[in-house]
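Protein chains in written order, with our numbering: chain A, 31 to 416; chain B, 5 to 294.
Single-structure report; data block below.
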Amino acid sequence: MNLHEYQAKQVLAAYGLPVLKGHLCYTPGEAEAAADLLGGGLCVIKAQVHAGGRGKAGGVKIAKNASEARAHAEKILGMKLVTPQTGEAGKLVRKVYVEAGCNIAKEFYLSLLVDRANRCISIIASTEGGMEIEHVAHTNPEKILTARIEPGVGLQTFQTAKLAIDLGIPLEARRSFVTVVQGLYKAFVECDLSMLEINPLVLTKENTFIVLDAKVSMDDNAHFRQPKIHAMLDYDEQDPRDLRAQKFGLSYVGLDGNIGCLVNGAGLAMATMDIIKAFGGEPANFLDVGGGASKENVTEAFRILLSDAKVKGILINIFGGIMKCDVIATGVIEAAKEVGLKVPLVVRLQGTNVELGRKLLADSGLAITAADTMDDAARKIVALAK
Amino acid sequence: MSVLVDKNTKVVTQGITGKTGAFHTRACKEYGTQMVAGVTPGKGGQEFEGIPLFDTVHQAKQHTGANVSIIYVPPPFAADAVMEAVDADLDLVICITEGIPVLDMLKVKTFMQGKRTRLIGPNCPGIITPGQAKIGIMPGFIHKPGRIGVVSRSGTLTYEAVFQLSNLGMGQSTCIGIGGDPLNGTNFIDCLKLFNDDADTDAVVMIGEIGGSAEVDAATWVKQNMKKPVVSFIAGATAPPGRRMGHAGAIISGGDDTAEAKFTALSAAGIHIVRSPHEIGAKMHEVLGK
């Protein structure tokens, strides 16, 4: 689960991290008022969407005064922000964050993440703040510093001190730096974050640090013990199809192709997408109904597929283990009858109670093309969806 | 022979009285696995369909000689359950539970350091030595005893591969699902080592996914050490970057963790790769010259 910048800063401020004063605004008038509340001088208008690269796309503007703040907010609110992370369709900006300015002396990059290769939390830091860090890692790998934190021991003073020295942070600002890093680590661990990226972390001309931008993702498995962060969910930032799927315990990712897929298990679902592509088709989605899905899950999954106008054919690929093939067949038949099946449907069932499942489908009177194997199924649906 | 589990393995189920735990304990018992104990705190002294229940894993081990545990405990308590089983000094702990917070798994990994217990999973289908012991949620009947080792990050995709192998007359020595989470107990290399040293395994099927570097690390190990042929498929070639594909581990961050990068590394290590999942069985057939 991703947070907006303003939410991330709320979370971090509670850990004593230095963030600038700011106000969340939904209208240009609110933005103008916010600018006045911040002193009426220099401020920044920032689009609040779940995507990086906002600045380059025109979603972040500096205003010299309150009337400029209003003018920028008028342009940014309601715009479709297209960044490398949003896809071509872009993201509608529904709110802006109006934030005070600061005197930037230098920009750093700092992030924390779960480092699966080293089985620990790692801190990544660089003097090249404000830049695309992947780009820096590629062109100047020596400018990327890493500190691995021992899970049983936690962040140690020498580690933050070493980072400060290696980053060339002036003596007067080191204490402030150490406090920032310790605060970020504490927030990371206590809030079950999976990623916390501060880019840039600003050193001001007054030798203090400011968290100028913050990207935060929380571990989706930790919702049960992070109710405060969970409550920051913004449905507007999610694909409505994803959202509907989530409510029924389905894992769905919308794609650009025209063949809808319904599969049980994440690995098999990815493999099904791959095989469709191998036979010259394009999957419209990834949809995993789970290893133990019920008839209701399958019915809902089928409804989601049928509601997508791009879908010109559907492939159901189920390897019944725990989930019995007759249960799947019943779900498919019910959904198809209820919603009305207007596109070709290829079904490949295998595993527990397969004969019963196939018989149910064959006797249903629906126009279903049966397939024995994965390749047979993919070949058939690609041909039918053309 | 086989790896990790066989007909002598004695299993304790942690979370036996939950819906999932009960269902699968029954299925494993029907398959012929020695399901000797169950653990549900507060229900010690009772029975579950003839299987004695205990309050702790320690007691279960002491009274029944259980040496392997399988865990169906819900995510908020699963990490604790794993650590309890490790503390009871079992040989093997298999954690089926999906959805354990990654920071809990970091704790578990740290707790396990210096201890001899092996963990498989979490978020995995378990392990099966066909005809001897099924300790997991896989459908037993698609497996046949034989000489192919299978190791995979996925559940149903593993069943698909096993089904293809069985249909072509190639049974399996042991099939291990290592799970789809970013932090797991046993990795590809651990399993490849076991199969490499097992006199009754002739070849290995390894099924990977996008995300992480486990397959590339395995490729390096295979190149230097593996004496037996390996057939491999990586799922997720068509997955877009930055999106989580069901498994927490299956997300491409760009770089070495794409399917293409993994196929390239595997191929360079002499592993027989298949680009499409339906070719797994046929490729193994070809490699073994059958």
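Glycine included, every Cβ here is placed at the ideal spot set by N, Cα and C.
Beta-carbon proximity list for residue i, same chain, < 6 Å, skipping 5 on both sides
i, result
"A/M262", "L33, Q37"
"A/Q189", "A177"
"B/T21", "T44"
"B/S6", "T133, S177, T178"
"A/T360", "K325"
"B/A241", "A263"
Identity of the residue in the options nearest residue i by Cα
i, options, result
"A/E216", "A/D243, A/K340, A/I153", "A small fix is needed here, since residue 216 of chain A is Lys in this sequence, not Glu. Closest option to A/K216, Cα to Cα, is A/I153."
"A/K245", "A/V128, A/V357, A/S141", "A/S141"
"B/I152", "B/P134, B/N127, B/G144, B/D108", "B/P134"
"B/A70", "B/L96, B/P80, B/P79", "B/L96"
"B/Y4", "A/N170, A/I398, A/G350", "One cannot answer for residue 4 of chain B here, as it falls past the ends of chain B, which runs 5 to 294."
"A/D24", "B/M116, B/V9, B/A85, B/I104", "Since the first residue of chain A shown is 31 and the last is 416, residue 24 of chain A is not available in this structure."
"B/I141", "B/A92, B/I100, B/P149", "B/I100"
"B/Q117", "B/K47, B/G46, B/V72, B/G189", "B/G189"
"A/V369", "A/A401, A/K173, A/E330", "A/E330"
"A/L226", "A/Q268, A/M248, A/A61", "A/M248"
"B/T268", "B/G173, B/S217, B/A243, B/L123", "B/S217"
"A/L107", "A/L122, A/A301, A/V49, A/G381", "A/L122"
"A/T116", "B/G285, B/K266, B/P245", "B/P245"
"B/R120", "B/V226, B/V72, B/T224", "B/V72"
"B/K14", "B/D204, B/K65, B/A241", "B/K65"
"B/I98", "B/G19, B/F52, B/F58", "B/G19"
"A/T382", "B/G36, B/F167, B/I124", "B/F167"
"A/E202", "A/T234, A/R333, A/F254, A/G69", "A/T234"
"B/D260", "B/D221, B/K11, B/G159", "B/D221"
"A/D272", "A/V283, A/D266, A/D264", "A/V283"
"B/A31", "B/T114, B/L110, B/D108, B/F145", "B/F145"
"A/G311", "A/G320, A/N327, A/G287, A/I334", "A/G287"
"A/D66", "A/Q78, A/F278, A/A77, A/G52", "A/G52"
"B/V112", "B/L94, B/I124, B/M87, B/A92", "B/M87"
"A/D266", "A/F254, A/V74, A/V41, A/A81", "A/A81"
"A/A339", "A/L371, A/I151, A/A147", "A/L371"
Beta-carbon proximity list for residue i, same chain, < 8 Å, skipping 5 on both sides
i, result
"A/L193", "I153, A155, L175, A177, F207, V211"
"A/L231", "E137, F138, Y139, L140, G159, V210, F239, I240, V241, L242"
"A/L414", "G343, P374, V376, T399"
"A/L68", "K51, G52, H53, V128, E129, A130"
Through-space distance from residue j to residue i, alpha-carbon basis
i, j, result
"A/L197", "A/T157", "6 Å"
"B/A89", "B/E102", "18 Å"
"A/V384", "B/K23", "24 Å"
"A/K125", "A/A135", "29 Å"
"B/K231", "B/N200", "7 Å"
"B/P300", "B/P129", "The structure shown does not extend to residue 300 of chain B, since chain B spans only 5 to 294, so no value can be given for it."
"A/Q380", "B/E283", "17 Å"
"A/K421", "A/I346", "Absent from the structure is residue 421 of chain A, since the part of chain A shown begins at 31 and ends at 416."
"A/G46", "A/G213", "7 Å"
"B/H28", "B/V61", "19 Å"
"B/S158", "A/M353", "16 Å"
"A/T71", "A/G89", "According to the sequence displayed, residue 71 of chain A carries Gly and not Thr. Between A/G71 and A/G89, the C-alpha separation is close to 20 Å."
"B/A243", "A/V79", "23 Å"
"B/S170", "B/G181", "17 Å"
"B/C195", "B/V9", "13 Å"
Cross-chain neighbours of residue i in chain E, by beta carbon under 8 Å
i, result
"B/M142", "Looking for chain E here will not work: the only protein chains present are A and B."
Close Cβ partners of residue i (< 7 Å) along its chain, the five nearest in sequence each way excluded
i, result
"A/M303", "C291, P313, F316"
"A/S394", "I363"
"A/C55", "A61, A64, A103, K125, V126, V128"
"A/C132", "L50, V232, T234, I240"
"B/V291", "A207, P233, V235, H276"
"A/A167", "I174"
"A/R204", "A194"
"B/L270", "E219, A223, S236, I277"
Any non-hydrogen atom of the ligand PLP within 7 Å of residue i CB
i, result
"A/S141", "No copy of the ligand PLP appears in this structure; indeed no ligand is present at all."
Item to complete: Let me know the alpha helix (DSSP H) ranges lying completely inside the segment 236 to 307 of chain A, each 4 residues or longer, listed in chain order.
Response: 257 to 260, 270 to 277
Discussion item. Between the segment 226 to 236 of chain B and the segment 204 to 218 of chain B, can you find at least three pairs of beta-carbon atoms closer than 8 Å?
Written reply: Flag = yes, the segment 204 to 218 of chain B and the segment 226 to 236 of chain B touch.
Worksheet item: Hey, is the segment 213 to 225 of chain B in contact with the segment 132 to 148 of chain B, meaning 3+ C-beta pairs nearer than 8 Å?
Response: no
Discussion item. List, from N- to C-terminal side, the beta strand (DSSP E) runs of 3 residues or more that fit wholly inside the segment 31 to 70 of chain B.
Written reply: Those beta strand (DSSP E) runs which fall completely within the segment 31 to 70 of chain B and span 3+ residues are 38 to 43, 55 to 58.
Worksheet item: What runs of the beta strand (DSSP E), each 3 residues or longer, lie entirely inside the segment 139 to 164 of chain A?
Response: 150 to 156
Worksheet item: What are the uninterrupted segments assigned as alpha helix (DSSP H) that are 4 or more residues long and contained completely in the segment 33 to 118 of chain A, given in chain order?
Response: 35 to 43, 58 to 67, 96 to 106
Discussion item. If we require 4 or more residues per run, which alpha helix (DSSP H) segments fall completely within the segment 212 to 284 of chain B?
Written reply: Taken in chain order, the complete alpha helix (DSSP H) segments of 4 residues or longer contained in the segment 212 to 284 of chain B are 218 to 229, 263 to 272.
Worksheet item: Is it true that the segment 398 to 409 of chain A meets the segment 33 to 48 of chain B, where meeting means three or more beta-carbon pairs spaced less than 8 Å apart?
Response: no
Worksheet entry | Length at least 3, wholly inside the segment 96 to 147 of chain B: the beta strand (DSSP E) runs in chain order | 96 to 99, 122 to 124, 130 to 133, 137 to 140
Fill in: Within the segment 164 to 206 of chain B, ranges of the alpha helix (DSSP H) (whole runs, at least 4 residues)
192 to 201
Discussion item. Extract the residue ranges of the beta strand (DSSP E) inside the segment 365 to 407 of chain A, only unbroken runs of 3 or more that lie entirely within it.
Written reply: 375 to 381, 398 to 401
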